[in-house]
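Accompanying notes for the structure given below.
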Amino acid sequence: MKTLMKAAQITKYSKNIHAQVNDIPIPAINDNEVLVKVKAAAVNPLEMLIITGSVKLIQDYKFPLTLGNELTGVIEKVGKNVTEFQVGDDIYTRLPLEKIGAFAEYAAIDATAIAPMPKNLSYVEAAAVPLAGLTAYQGLHEELEAQFGQSVFIPGGSGSFGQIAVPIAKTTGLNVIVSGNSEARKRTLEMGADQYFVYATENYVDLLSNVDYVIDTLGPKEFDNELSIIKPGGRLLSLRTGPNKRFGKDRDFPFLKQKLFSIAGAKYDHKAKKHGVEYHFIFVRSDGAQLKEITKIIEENNIVPPIHPTLFTIDNVNEALELVANGRPKGKVIINF
Numbered sequence: 030m031k032t033l034m035k036a037a038q039i040t041k042y043s044k045n046i047h048a049q050v051n052d053i054p055i056p057a058i059n060d061n062e063v064l065v066k067v068k069a070a071a072v073n074p075l076e077m078l079i080i081t082g083s084v085k086l087i088q089d090y091k092f093p094l095t096l097g098n099e100l101t102g103v104i105e106k107v108g109k110n111v112t113e114f115q116v117g118d119d120i121y122t123r124l125p126l127e128k129i130g131a132f133a134e135y136a137a138i139d140a141t142a143i144a145p146m147p148k149n150l151s152y153v154e155a156a157a158v159p160l161a162g163l164t165a166y167q168g169l170h171e172e173l174e175a176q177f178g179q180s181v182f183i184p185g186g187s188g189s190f191g192q193i194a195v196p197i198a199k200t201t202g203l204n205v206i207v208s209g210n211s212e213a214r215k216r217t218l219e220m221g222a223d224q225y226f227v228y229a230t231e232n233y234v235d236l237l238s239n240v241d242y243v244i245d246t247l248g249p250k251e252f253d254n255e256l257s258i259i260k261p262g263g264r265l266l267s268l269r270t271g272p273n274k275r276f277g278k279d280r281d282f283p284f285l286k287q288k289l290f291s292i293a294g295a296k297y298d299h300k301a302k303k304h305g306v307e308y309h310f311i312f313v314r315s316d317g318a319q320l321k322e323i324t325k326i327i328e329e330n331n332i333v334p335p336i337h338p339t340l341f342t343i344d345n346v347n348e349a350l351e352l353v354a355n356g357r358p359k360g361k362v363i364i365n366f
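Residue numbering for the sequence shown follows the numbering used here, beginning at 30 and increasing consecutively.
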């Protein structure tokens with residue numbers, strides 16, 4: 030059996046979005062891990078945040094670091110404590126935050142972070158699901174504690190996050206409103222969205238009010254607009270705007286880090302409070318049990334995430350990173366092994 034594998038790595042944080050493809054040893058597994066032969070890995074904006082060191086307060090990495098947060102693959106070895114999976118199983122995962130490394134031919138992954146791959150999806154399609162799926166699932170259930178019959182608005186929900194968040198929100202019994210580009214309108218309504226605004230011609234600020242929840246995918250520049258349409262007592266959850274006091278506290282960070290998050294998020298907390306709204310920030314974690322629930326939703330609704338037509342190999346990983354950082358991908362960007 031071969032002992033080396035290709036992996037896309039960085040050796041330091043840098044403004045330069047660039048990875049190096051190195052030959053490194055295939056990882057050994059511990060008793061709670063599985064060794065997965067990677068079939069496909071998705072490239073996300075999160076990669077840029079990791080490369081530039083923007084998330085080092087939340088998770089600081091040792092170098093060299095193999096990049097990549099979500100993958101699909103086939104189990105080649107199982108640790109002796111692993112009972113739920115066996116060699117040959119098709120799995121998908123959002124890798125544990127402290128041990129990423131999807132842009133490689135093999136990955137050693139804690140068995141609690143993986144789930145059986147949805148049967149209706151190919152390796153390439155399924156690689157687009159874990160990060161967005163878990164973000165939506167944790168966002169709706171843990172951060173928003175969304176209840177049946179309430180309303181959620183997803184501005185910028187026509188991208189890969191929205192395509193998975195909409196059906197998950199519908200299975201939670203929510204009234205789902207989305208804004209996005211005109212191309213995605215039909216597709217998003219077919220996935221169950223109740224209302225769709227084309228942002229180029231319709232301004233949601235004039236058309237919406239008294240929404241229970243907003244899941245923000247656009248970041249700080251939209252913050253005030255989003256707050257203005259939420260009813261008092263509602264919640265605004267951002268994937269982009271940045272951590273705050275609540276985030277640091279909920280995750281039990283050391284006191285100093287909590288203090289820093291408090292300062293960083295103070296102006297957003299203050300604005301939200303003036304509207305009687307709670308501001309939440311999410312940084313998604315791995316969770317195999319939740320992924321199993323997501324698999325069910327995907328299979329039952331036959332959800333197929335949109336994939337960018339060009340598939341990349343690990344050797345042209347930098348083209349894939351460039352496309353996600355500065356291009357306009359038509360769906361999730363995938364590295365195919």
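Just so you know, even glycine gets a beta-carbon here, dropped at the ideal spot from N, CA and C.
Other residues of its chain near residue i: CB distance less than 8 Å, five sequence neighbours each side excluded
i	result
Leu236	Phe226
Gly117	Val103, Ile104
Glu134	Met34, Lys35, Ala36, Ile55, Lys66, Val67, Ile343, Phe366
Gln167	Ile311, Val313, Arg314, Asp316, Gln319
Gln287	Lys274, Gly277, Lys278
Ala301	Leu256, Leu265, Glu307, Tyr308
CB-CB length for residue i against residue j, believed under 8 Å
i	j	result
Phe114	Ile364	Incorrect: roughly 23 Å between the Cβ atoms, too far for contact.
Val63	Leu160	Val63 to Leu160, Cβ: 19 Å. No contact.
Leu33	Pro56	Actually they are not in contact, since the Cβ atoms of Leu33 and Pro56 sit about 11 Å apart, beyond 8 Å.
Tyr297	Thr270	6 Å
Val23	Ala213	For residue 23 there is no data in the structure shown, the boundaries of the chain being 30 and 366.
Thr230	Ser187	Actually they do not touch by this definition, with Cβ atoms about 14 Å apart.
Ala371	Ile244	As displayed, the chain neither begins before 30 nor continues past 366, which places residue 371 out of reach and without an answer.
Ala144	Leu320	4 Å
Leu265	Glu255	6 Å
Lys85	Tyr42	7 Å
Glu154	Ile336	6 Å
Ile79	Leu96	7 Å
Thr246	Ile327	Wrong, their Cβ atoms sit about 20 Å apart, outside the cutoff.
Collapsed DSSP secondary structure at residue i in the structure displayed
i	result
His47	coil
Thr141	helix
Ala70	strand
Leu350	helix
Tyr90	coil
Gln179	coil
Ala156	coil
Ile332	coil
Lys240	Sequence inspection shows Val at residue 240; the Lys mentioned does not correspond to that position. Of the three classes helix, strand and coil, the one that applies to Val240 here is strand, per DSSP.
Phe341	strand
Ile322	The sequence shown places Glu at residue 322, rather than the Ile named in the question. Of the three classes helix, strand and coil, the one that applies to Glu322 here is helix, per DSSP.
Ala165	helix
Ile327	helix
Val107	strand
Ala131	coil
Lys41	coil
Ile79	helix
Thr95	strand
Pro283	coil
Pro196	helix
Cut-off 7 Å between Cβ atoms - residues of its own chain near residue i, not counting five sequence neighbours on either side
i	result
Gly305	Pro261, Gly262
Ala349	Val72, Phe341, Val362, Ile364
Gly221	Val195, Pro196, Lys199, Val205
Asn330	Pro196
His47	Asn347
Ile138	Glu62, Val63, Val65, Thr122, Leu124
According to DSSP, residues forming a beta bridge with residue i
i	result
His309	Leu266
Tyr225	Val207
Leu100	Ala70, Thr122
Asn365	Ala69
Pro54	Leu33
Asp245	Ser267
Glu62	Asp139
Ile259	Val240
6 Å Cβ shell around residue i - same chain, five flanking residues per side excluded
i	result
Ile87	Phe312
| task | Decide yes or no for the touch test of the segment 59–70 against the segment 80–100: beta carbon pairs closer than 8 Å, at least 3 of them. | result | yes
| said: Taking contact to mean 3 or more Cβ pairs, one atom from each stretch, closer than 8 Å, check whether the segment 144–153 and the segment 170–184 are in contact. | reply: no
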